[in-house]
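Q: Mind having a look at this structure? Questions to follow.
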Amino acid sequence: NANLQSTDPPCFPSSATVQLADGETVPLSSLSAGDSILAAAADGTLGFDAASSFSLADPSAKAAFLSLATATVTVTLTPTHKLPAGPAKELKQASEVAVGEMIWIASPAAGALVQAPAPVLKITKVVADGLHSPLTMHGGWPVVDGVATSYNSAAVVARNKYLVPLVEAVCPSLGRLVVAFANPKTMHYIDGQVVEPLSSLAAAALAAAAFAAREMLAGK
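Numbering-wise, full-length UniProt numbering puts 107 at position 107 of the sequence shown, and it's gapless, one number per residue.
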């Protein structure tokens, strides 16, 4: 009973693929935190970016997706997942992309994104297993099934480019708890940890404990 209007996070199915730094193509279901995957900068240049520990993975889920097919590639993603479209690489939700629009695909030979040789020819609603979203460490657009995508808006990605490496270095577990307070959804992370939303009371207790720990360390 997957619903295209559901509150599933922006994700891909388990069968979607990414390219690792060694050139191997693997399904998202086998991706681990720290793996370097092919990604693109906003200017279209290609490189590799690490999947952070904030990447999402729920292989047990079954969800509704949109498959956007061109003459050469097909990318399957949830309706709210974003990808660059059109000449300006405007980030759009998959549900906003129309037949006839151009999407961007990776050309490793050129070292850059190129417009697909043909526009989106067909959009199909499908149900598939798994919900996965690689959140890159340094703001790269993950290339999934050969197509450039973005896990969030340009503003959020630009912020996370600096925030995620900092949180990863200091205390990723605390970062996940902050997400749990700010986001009213259960989060399934790439290492298998499931974090439920935090109530305001639990968040206050967490903040008090963190403050007490800091004071204790400062007194040493």
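In this text, a Cβ means the ideal position worked out from N, Cα and C, and glycines have one as well.
1) Report yes if the C-beta distance between L56 and P9 is below 9 Å; otherwise report no.
2) Let me know if N183 comes out buried or exposed under the rule of 16 or more other beta-carbons within 10 Å of its beta-carbon.
3) Going by C-alpha distance, which of M137, Y151, L31 and K92 is nearest I103?
4) Can you find the residues in the same chain that come closer than 6 Å, C-beta to C-beta, to V167, ignoring five residues on each side of it along the sequence?
5) Going by beta-carbon coordinates alone, are S164 and L177 separated by less than 9 Å?
6) Which residues in the same chain have their Cβ closer than 7 Å to the Cβ of N1, if we skip the five residues on either side of it in sequence?
7) Let me know if D22 comes out buried or exposed under the rule of 16 or more other beta-carbons within 10 Å of its beta-carbon.
8) Given that a residue counts as buried once 16 or more other Cβ atoms are within 10 Å of its Cβ, and exposed if not, what is C171?
9) May I ask you to report which of helix, strand or coil DSSP gives F181?
10) Per DSSP, T72 forms a beta bridge with which residues?
11) Under 8 Å Cβ to Cβ from M137, same chain only, skipping five residues before and after it: list those, please.
A: Let me lay it out:
1) One thing to note: L56 has its Cβ within 9 Å of the Cβ of P9.
2) exposed
3) K92
4) G175
5) It should be noted that the sequence gives Val, not Ser, for residue 164. Cβ atoms of V164 and L177: not closer than 9 Å.
6) Bear in mind that a pLDDT of 42 at N1, under 50, signals an unreliable position, so the number given afterwards is only what the model happens to contain. Nothing meets the Cβ criterion.
7) exposed
8) By the 10 Å Cβ count, C171 comes out exposed.
9) Three-state DSSP puts F181 in a helix.
10) DSSP, once it has assigned bridges, lists no residue as partnering T72.
11) D49, A50, A51, S52, V164, P165 and E168
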